[in-house]
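Below is one structure, written out as structure tokens; comments come after it.
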């Protein structure tokens, strides 16, 4: 899956057969706050969203960012994928 970092819109984007899927973010120092997921109407492919979030985590690892999940769906992703817990900043426990 190919993701695009749209810095102007402050979101990560990917194109699926159903349309554009994006995750809004806010960047502060070396922390990236994941705030909102936008999907096409009637989009129910949770596997694609999980893969998309995994690609975003790979981006964060590459840039040495800490990830702060704001959206409950992203918090659930961290709970299901404990291998990404080291990306959480100190003091944040899920």
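Numbering (UniProt numbering), first residue to last: 1 to 94.
In this text, a Cβ means the ideal position worked out from N, Cα and C, and glycines have one as well.
A quick note: this is a predicted structure, and the numbers were derived from the prediction, not measured.
Below 7 Å CB to CB, which residues in the same chain sit around residue i once its five sequence neighbours on both sides are set aside?
i          : result
residue 89 : 31, 66 and 68
residue 73 : 37
So with Cβ pairs under 8 Å, would you call residue i a contact of chain B?
i          : result
residue 31 : Judged by its chain identifiers, the structure shown contains no chain B, having just a single protein chain.
What residues match up with residue i in a beta bridge as DSSP calls it?
i          : result
residue 5  : 12
residue 22 : 13 and 38
residue 67 : 32
What number of angstroms, rounded off, separates the C-alpha of residue i from the C-alpha of residue j?
i          : j          : result
residue 95 : residue 47 : Residue 95 cannot be examined here, being either before or after the span of the chain that is shown, 1 to 94.
residue 26 : residue 57 : 15 Å
residue 75 : residue 92 : 11 Å
residue 29 : residue 63 : 12 Å
residue 2  : residue 81 : 20 Å
Below 8 Å on the Cβ atoms is my guess for residue i versus residue j; work out the distance and round it to an integer in Å.
i          : j         : result
residue 23 : residue 8 : That pair is no contact at about 15 Å.
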